[in-house]
Structure formats: C-alpha cells, structure tokens
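Heads up, the sequence shown is in this note's numbering, so the first residue is 19 and it goes up one at a time.
Beta carbons: idealized from backbone N, C-alpha and C, even for Gly.
Bear in mind that the values here come from a model prediction, so they are computed numbers and not experimental data.
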Amino acid sequence: MTTGSVIGIIGIALCVLLCGVGSAIGLYKTSSAAAGVLGENPNKFGKVLVLVLLPATQGLYGFVIGIIASGNVAALETVEQGWALFGAVMPMAFSGLITGIFQGKSAVNCIYAVGKQDSLGGKLLLYPAMIEFYAILGFIISIMMSSLV
Numbered sequence: 019m020t021t022g023s024v025i026g027i028i029g030i031a032l033c034v035l036l037c038g039v040g041s042a043i044g045l046y047k048t049s050s051a052a053a054g055v056l057g058e059n060p061n062k063f064g065k066v067l068v069l070v071l072l073p074a075t076q077g078l079y080g081f082v083i084g085i086i087a088s089g090n091v092a093a094l095e096t097v098e099q100g101w102a103l104f105g106a107v108m109p110m111a112f113s114g115l116i117t118g119i120f121q122g123k124s125a126v127n128c129i130y131a132v133g134k135q136d137s138l139g140g141k142l143l144l145y146p147a148m149i150e151f152y153a154i155l156g157f158i159i160s161i162m163m164s165s166l167v
C-alpha cells in the first residue's frame, strides 16, 4: 500500500463519516420533532414521514461517493494522486455534513407547522428540499472530480 493510497483512503473514510454524522444529527432532530407531533395526532404520520427522512440522503450520498472513489485507490501511486482523491471527495464530505444538519433543522420547523396545520405538508417540503440541492451539488462535484483522479 502506497502513501498515496493511504491518503485517499483517509479522505474516503472522512467523506463517509462526515456525511453519516450530518445525517444522524439531522435525523435525530427530525425524529424527535415527529415524535412530539405524532404523540398528539398519530394520523399525521404520512405527512411528517418524508420530512423526517430528508436528512438521511446525505449519508447515502457519502456512502455512494465512498464506493465510487474506492475504485480509484488501487491506482494511487503517488502522494499527489492520494491528495487529489482526498480533495475530490471533500465537496461531498463537507456539503453532506453541513446540509444534513441544517436540513434537519429546517425540517423540524416544517414538522411543527404540519402538526398545527395539516394542509401545509406538501408546500413545506420545498424548504428543506432547497437545502438538499446543495448536497446534490457536492455529490455531483465529487463524482466528477473522482473520475479525474
């Protein structure tokens, strides 16, 4: 195993880890809010479920980037190539961490609003979904950059 491949593996591990942490924090927040709303009205389960699950996507994106980027590890011969792969996965790592947390915070407020007014469910989905856009950008950039290594 070369030093370059070790650097690449560390980058991949950080990407998967940080995206998972962002999702876990976001899901903790949304599931806690949903438990409160559903404790008062269990019939709103369907309305809040999508809002609860939105922050989970960042963990999935990080996992997919980890799989894609790990295909390049065997070819990393130099330290520069290792750092290139490390840098390629960082857009997803940071966007996954940050958007997972903030999407969870946004979805919490939407869950509370659905608890007060049922008809807002579909409309409120837009707000945390706008944050998802930035996770998708990080995902795409990391795919593009990983293919260049």
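Short of 8 angstroms in beta carbon distance, which residues of its chain neighbour Ala-74, apart from the five on each side in sequence? Order them along the chain.
Result list for Ala-74: Ser-41, Gly-44, Leu-45, in chain order.
Determine the extent of the alpha helix (DSSP H) in which Glu-58 is found, giving its start and end residues.
Per DSSP, Glu-58 is one residue of the alpha helix (DSSP H) stretching across 21 to 58.
Nearest to Pro-109 (by Cα), restricted to the options Thr-21, Met-163, Val-82
Met-163
For Ile-149 and Phe-120, believed in contact at Cβ under 8 angstroms, the rounded distance:
6 angstroms
How is the alpha helix (DSSP H) around Ser-247 delimited, first residue to last?
Because the chain spans 19 through 167 in this model, residue 247 falls outside it and cannot be assessed.
Does the Cβ of Lys-47 have 16 or more other Cβ atoms within 10 Å, making it buried, or fewer, making it exposed?
buried
Option nearest Phe-151 by Cα separation, candidates Gly-54, Ile-116, Val-167
Ile-116
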